[in-house]
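In my numbering, the protein residues as written are 14 to 370. For each residue, glycine too, the CB sits at the ideal point set by N, CA and C. Down below is the structure, laid out as structure tokens.
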Amino acid sequence: MDALRQKYLDAIAAVSEEAGLEDLRVQAVGKKGEVSLKMRELGKMTPDERQVAGPKLNALKDEINSALAAKKAALADAALDERLRTEWLDVSLPGREARQGTIHPISQVTEEIIAIFADMGFAVAEGPQIENDWYNFDSLNIPPHHPARQEFDTFYMHRDAEDDRAPHVLRTHTSPVQIRAMEKTGAPIRVIAPGRVYRSDYDQTHTPMFHQIEGMAIGEDISMANLKWVLEEFFAAFFEIDGIKTRFRASHFPFTEPSAEVDIQCSWVDGQLRIGEGDGWMEVLGSGMMHPKVLQAGGVDPEKWQGFAFGIGIDRLAMLKYGIPDLRAFFDSDLRWLRHYGFASLDQPNLARGLSR
Ligand code: DAH
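Here is the structure:
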């Protein structure tokens with residue numbers, strides 16, 4: 014026993030790392046350690062021998078355990094001393110600024126619009142930004158030589174001479190998603206489709222890329238009255254102004270009959286755009302009852318089903334709601350502008366809490 018004691022106390026004293034200490038513990042007092050094995054031999058002794066050897070073995074085990082603990086504490090102290098000696102921190106240095114990005118107003122407004130329509134039972138649908146001309150035009154009752162094709166200022170994709178696929182365009186509106194959603198789900202259906210659209214146009218209220226949200230509801234007894242209610246409900250929630258003034262103007266789109274364009278009351282004061290006042294109007298959406306040919310193109314029977322559809326300019330709505338006078342600034346990536354008009358990332362649009370900050 015004395016030999017065991019000396020062996021382990023010496024070994025513990027010589028150890029210089031915590032890992033070595035753990036090896037020693039296993040060797041000496043672990044389940045199959047030397048001291049533990051000795052303790053098992055107690056069973057084979059006579060009662061008298063056991064009375065002498067038992068307490069001694071226990072004392073040896075305790076002694077080794079305390080030597081291990083003391084050494085462990087000493088090693089930890091030494092390690093801390095070493096760190097304190099070599100590492101230092103100048104607490105008088107100025108702090109580093111935590112940079113926080115902002116959510117672009119377009120993203121924020123898109124989320125706001127989705128939240129409002131989700132509350133009215135509309136699901137979100139998507140379609141490609143590079144669309145073939147059947148989805149973008151023909152299926153929407155705009156045949157090849159229809160004047161509406163010229164009005165759209167379409168960007169056509171380059172095509173090699175031997176390429177015999179249908180011509181592809183950058184979609185000029187989100188309306189082709191109507192067809193894709195009908196193909197996918199059939200009727201009845203209630204969807205909105207937010208996304209980027211493209212037209213060759215550029216001034217204070219037009220950019221070659223901008224954003225729309227398409228809406229579509231098909232059922233067996235959907236009417237223009239449902240359309241008007243849904244849109245007025247939407248505007249009141251979006252602008253958080255009960256009874257905000259809107260103007261429904263009879264209009265024409267190839268894909269709807271009858272059709273209406275909707276304007277929001279607004280004014281420009283010292284280059285500042287204000288909504289809900291003044292005698293100006295800003296057009297924000299086109300809408301109408303879906304043309305039977307459009308339903309048919311989507312595989313929906315116009316004898317049984319009817320629906321309304323609308324297309325909202327998201328950028329226009331963002332300008333109106335947040336008083337942003339120039340559409341082009343949305344896409345300039347000017348950091349000062351983005352910090353000023355951007356939203357905090359945790360500012361999630363939520364109908365219950367109010368939509369805007
Ligand atoms: N697609 C039209 C545009 O971009 C907007 C539009 C008008 C969409 C009427 C519709 C609609 O769904 O019914 O100018």
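Practice item. Could you say if the segment 100-118 and the segment 353-362 meet the contact criterion of at least three C-beta pairs nearer than 8 Å? Key: yes
Point to revise | Segment limits, alpha helix (DSSP H) that includes residue 56 | key: Note, residue 56: premise wrong, no alpha helix (DSSP H); not H, not E.
Practice item. State yes or no: is the C-beta of residue 213 nearer than 7 Å to some heavy atom of ligand 1? Key: no
Check your understanding: Is the CB-CB distance between residue 227 and residue 188 below 8 Å?
Key -> yes
Point to revise | Given 8 Å, three or more beta-carbon pairs between the segment 221-235 and the segment 303-314 | key: yes
Check your understanding: Which whole-angstrom value is the C-beta distance of residue 179 and residue 145, which I expect to be below 8 Å?
Key -> 4 Å
Point to revise | Identity of the residue in 294, 231, 334 nearest residue 316 by Cα | key: 231
Exercise for review: Kindly list the residues whose CB is nearer than 6 Å to the CB of residue 370, restricted to its own chain and excluding five residues on each side of it in sequence; keep chain order.
Suggested key: Low confidence applies here, because residue 370 scores a pLDDT of 45, under 50, leaving its location unreliable; read the following figure in that light. The answer, listed in chain order, is 360.
Check your understanding: Around the C-beta of residue 21, are 16 or more other C-beta atoms found within 10 angstroms, so that it is buried, or is it exposed?
Key -> buried
Practice item. Check each candidate in 50, 284, 220, 111 and name the one with the smallest Cα separation from residue 167. Key: 220
Check your understanding: Among residues of its own chain, excluding the 5 on either side of residue 24, which ones have a beta-carbon nearer than 8 Å to its beta-carbon?
Key -> 37
Practice item. Using a threshold of 8 Å, state whether the C-beta atoms of residue 294 and residue 278 are closer than that. Key: yes
Point to revise | Beta-carbon proximity list for residue 251, same chain, < 8 Å, skipping 5 on both sides | key: 125, 126, 129, 330, 334, 368
**Study point:** Cβ-Cβ separation, residue 18 to residue 62 (assumed contact under 8 Å), whole Å
**Key:** In fact, because the Cβ distance is near 19 Å, the residues do not count as touching under 8 Å.
Review point. Straight-line CA distance for residue 90 to residue 83?
Key: 11 Å
Check your understanding: Apart from the five residues on each side of it in sequence, which residues of its chain come closer than 6 Å, Cβ to Cβ, to residue 254?
Key -> 289
Review point. Does DSSP classify residue 360 as helix, strand or coil?
Key: coil
Point to revise | Cβ pair residue 240, residue 135 closer than 8 Å | key: no
Review point. Got a sec? Which residues, its chain only, sit under 8 Å from residue 107 by beta carbon, not counting five neighbours each side?
Key: none
Practice item. Return the CA-CA distance between residue 281 and residue 217, expressed in angstroms with no decimal places. Key: 13 Å
Practice item. Would you mind working out which of 131, 204, 139 sits nearest residue 365, comparing C-alpha positions? Key: 131
**Study point:** For residue 38, the three-state DSSP class (helix, strand or coil)
**Key:** helix
Exercise for review: Using the Cα positions of residue 155 and residue 165, report the straight-line distance between them to the nearest angstrom.
Suggested key: 11 Å
Review point. Taking the alpha helix (DSSP H) that residue 372 falls in, what are its first and last residues?
Key: Residue 372 cannot be examined here, being either before or after the span of the chain that is shown, 14 to 370.
**Study point:** Closest by C-alpha distance to residue 307, when choosing among 54, 270, 263, 41
**Key:** 270
Review point. Which same chain residues, not among the five before or five after residue 362, have their C-beta less than 6 Å away from its C-beta?
Key: 124, 125, 128, 368
Point to revise | Continuous beta strand (DSSP E) assignments of at least 3 residues falling wholly in the segment 206-266 | key: 222-232, 259-266
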